[in-house]
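In what follows, a single structure is set out as structure tokens and then discussed.
Residue numbers (our numbering), protein chains in the order written: chain Y, 1 to 572; chain U, 1 to 235.
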């Protein structure tokens, strides 16, 4: 195949444009470095009317918003999903890992839940507490200044709660709870479950004069056209360009390998342009991988050379290992008190206004790590699926289910906004035996060897999922609700989601002080190759009962400061 | 690879599209397809647009089947002052979904056939020629699931009617007239400032003062945020 080389040399090539890549682009370009961003998907701007889905109605879609082509529905802003045509992945044995990818500028930050939680001091030192997994080589105090800076740059609402392991930050004020959330507060408190305002990167108050303020449409998953929620494009890359940053954007460009020289140092990347299917090479002094935990591991493992026979940065054989996702479990409930409720606009922000952080001590439990609870419900915008099984809830009143005619109108109205749900999102244990690796027998449509997954939950996660279900049931009862569906039992792992389904996969290039047992150092720099960094969630040693995005960005900023410093010392 | 996957792989791949949707035989003229694409503009990627175009270019049901679909939907939700099944374009949605989710196609068609068979046996007429009392006497046999059975254990007729009712209901209540009838008030820019007082009163609820003190003061939402060094908001 012909390979086209670009003779221009960049200071830094950044692979991927999501949370980590976006942050690195901003910090590095504003320090005056010449940057190339190489993104596997197309250009995307939430304000572009041709791409925008915000404020559309269900009837603007011929399938009324159904999830046939996008897994979270027609209006969700993730171009991709767990299954992408032409980009397969495989499993070893019984493994059922589900790998979500979003191919577009900004990546998954365009549709994510905006739940922006700092890790707490204990989250970096879990092995010291329960003997499982490993401690991070850094602690909360190392990252705290960067969390503070991320809060102020991007904006996150929340409240001061003085909880040791859920540290406070620089918060915008949270919105008031919705009606079903008041029911949840009541039920959770009765069950002695801590409940407090949620922490989402949505602008309930102006943070600068460039971005808009939330206008409460509940559609953050569609990416905000006035930039009132966090997406890497709208909040990091576009502002960096506006500030005069020298950024060249290569879109629809799938990185295949990091290229290296005789000394084993990185010289740039090779990528395949999806439009002309031609391979190109770009040169740089430094390569920053931010392609997502599994994609970055894949690129490293595919970057084999004489100097790096086991893949780049993989002398430890740890690249791809310790892959872990958050656990998930959920339950729905019917609140009979809300039957025939008054209808008013309660869209609010694009997510819950209240949540429960982990509230117990695992010392007294049969599983080692915690989970938080997210709440949903209310009078949402009708879309495909609304009106399905319209009067199933009749059974709780001894009334016949089914039928046809005008009575269905009454039923539709009666039960609208009466169902709530809660979801647990918990910490799993990072294990060497859960990993992704290169499948020797399969390539994607661009000819690049694909990933093969091997993942199995342990009893730690299964026991935690059981605790979630017991807790949900108790809270539902205390809310005056009726739990819907059957409670999942041991035969269903107590409703534990498949790994990858919560889309918090981390740990594949983990951080550590010992090059024999970790891939990167505390500055996310490969132990083996000093001019390659990884700023997605790959370097996470453990995931915590939080969401990864805020920590990805705080670490990416810290790493970017280190890179700038190394450039000043002429170390590249 | 199931049919859904192979359909998608063809739609998104490079193989010709002619062999697709084998059950959906009749074609649609290009002008109508262009109109549909224009009518539904909702932020599609080029590949997604191609897929929609493919679905618009095929017809899944005959004209008689479409009339029958309209007839049944109108029995499920008769017209009222807000509008009708046809204003809500419910038959068009059902037709589209039968292509978009191919596993719907066969059961939907079989159910339509079965309905005509039953009306022929009972009244010697196709369903659409029966009077409303006759039509209802047929629907009554399938409109009520057996409460002692799970949904997968219900009879074929009951399963078909449940699917049809679901599509009709969702079609109506996601349409302009249906949303208006339901009274959904959102999807519009606003400044959300809590549950209305009369609603709180109705449920005997109130906001805690301590909680409320943490919440947004909407009169200051446009003042740029500033904090003291301890993270207390000062604007």
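Quick reminder that beta carbons are idealized off the backbone N, C-alpha and C, glycines included.
As the structure is a computational prediction, the values presented were derived from the model and not from experiment.
Can you tell me which residues form a DSSP beta bridge with residue i?
i, result
"residue 578(Y)", "What is shown of chain Y runs 1 to 572, which leaves residue 578(Y) out entirely."
"residue 355(Y)", "196(Y) and 374(Y)"
"residue 436(Y)", "453(Y)"
"residue 396(Y)", "Paired residues: none, contrary to the question."
"residue 526(Y)", "520(Y)"
"residue 483(Y)", "333(Y)"
"residue 227(U)", "233(U)"
"residue 163(Y)", "166(Y)"
Nearest by alpha-carbon distance to residue i: which of the options is it?
i, options, result
"residue 534(Y)", "15(Y), 367(Y) and 10(Y)", "15(Y)"
"residue 149(Y)", "567(Y), 565(Y), 538(Y) and 561(Y)", "561(Y)"
"residue 67(U)", "34(U), 184(U), 113(U) and 188(U)", "113(U)"
"residue 326(Y)", "542(Y), 276(Y) and 195(Y)", "542(Y)"
"residue 376(Y)", "423(Y), 461(Y) and 477(Y)", "423(Y)"
"residue 53(Y)", "129(U), 224(U), 49(U) and 42(U)", "42(U)"
"residue 86(Y)", "469(Y), 445(Y) and 454(Y)", "445(Y)"
"residue 227(Y)", "356(Y), 210(Y) and 240(Y)", "210(Y)"
"residue 202(Y)", "324(Y), 171(Y), 188(Y) and 181(Y)", "171(Y)"
"residue 178(U)", "334(Y), 409(Y) and 374(Y)", "409(Y)"
"residue 453(Y)", "477(Y), 320(Y) and 233(Y)", "320(Y)"
"residue 140(U)", "80(Y), 438(Y) and 405(Y)", "405(Y)"
"residue 527(Y)", "299(Y), 134(Y) and 314(Y)", "314(Y)"
"residue 479(Y)", "451(Y), 332(Y) and 546(Y)", "332(Y)"
"residue 190(Y)", "525(Y), 556(Y), 476(Y) and 62(Y)", "476(Y)"
"residue 176(U)", "160(U), 232(U) and 88(U)", "88(U)"
"residue 438(Y)", "451(Y), 426(Y), 529(Y) and 428(Y)", "451(Y)"
"residue 572(Y)", "385(Y), 530(Y), 548(Y) and 557(Y)", "530(Y)"
Output the boundary residues of the alpha helix (DSSP H) element that contains residue i.
i, result
"residue 460(Y)", "459-478"
"residue 413(Y)", "407-415"
"residue 127(Y)", "126-130"
"residue 27(Y)", "19-30"
"residue 577(Y)", "Nothing can be reported for residue 577(Y): it is not among the residues displayed for chain Y, which extend from 1 to 572."
"residue 581(Y)", "For residue 581(Y) there is no data in the structure shown, the boundaries of chain Y being 1 and 572."
"residue 557(Y)", "549-568"
"residue 275(Y)", "Premise fails: residue 275(Y) is in no alpha helix (DSSP H) and is neither H nor E."
"residue 70(U)", "63-76"
"residue 211(U)", "209-214"
"residue 580(Y)", "Here chain Y covers residues 1 to 572 and nothing more, so residue 580(Y) does not appear."
"residue 114(U)", "105-123"
"residue 91(U)", "90-100"
Going by the beta-carbon positions, is the gap between residue i and residue j smaller than 8 Å?
i, j, result
"residue 72(Y)", "residue 221(Y)", "yes"
"residue 18(Y)", "residue 131(Y)", "no"
"residue 511(Y)", "residue 522(Y)", "yes"
"residue 302(Y)", "residue 448(Y)", "yes"
"residue 180(Y)", "residue 378(Y)", "yes"
"residue 266(Y)", "residue 257(Y)", "no"
"residue 10(Y)", "residue 27(Y)", "no"
"residue 506(Y)", "residue 540(Y)", "yes"
"residue 465(Y)", "residue 324(Y)", "no"
Would you decide whether residue i is buried or exposed? Buried here means 16 or more other CB atoms lie within 10 Å of its CB.
i, result
"residue 4(U)", "For residue 4(U), the pLDDT reaches just 40, beneath the cut-off of 50, and the residue's location in the model is therefore unreliable, leaving the point undetermined."
"residue 85(U)", "buried"
"residue 206(U)", "exposed"
"residue 132(U)", "exposed"
"residue 223(U)", "exposed"
"residue 7(Y)", "exposed"
"residue 16(U)", "The predicted position of residue 16(U) is uncertain, since its pLDDT is 36 and thus under 50; a value taken from the coordinates is nonetheless stated next. Exposed, by the Cβ-count rule."
"residue 563(Y)", "buried"
"residue 212(U)", "exposed"
"residue 553(Y)", "buried"
"residue 14(U)", "In this prediction, residue 14(U) has a pLDDT of 36, which is less than 50 and means its spatial position is unreliable; what the coordinates show is noted afterwards. Exposed, since its Cβ has fewer than 16 Cβ neighbours within 10 Å."
"residue 309(Y)", "exposed"
"residue 5(Y)", "exposed"
Starting from residue i and walking both ways along the beta strand (DSSP E), at which residues does that stretch end?
i, result
"residue 517(Y)", "Unbroken run through residue 517(Y): none, as it is neither H nor E."
"residue 301(Y)", "That residue, residue 301(Y), is in no beta strand (DSSP E); its alpha helix (DSSP H) goes 293-302."
"residue 425(Y)", "419-426"
"residue 248(Y)", "247-250"
"residue 332(Y)", "327-334"
"residue 81(U)", "No beta strand (DSSP E) contains residue 81(U), which DSSP labels as neither H nor E."
"residue 3(Y)", "3-15"
"residue 533(Y)", "532-534"
Give a yes or no on whether 8 Å exceeds the smallest Cβ distance from residue i to chain C.
i, result
"residue 97(U)", "Among the protein chains of the structure shown, namely Y and U, there is no chain C."
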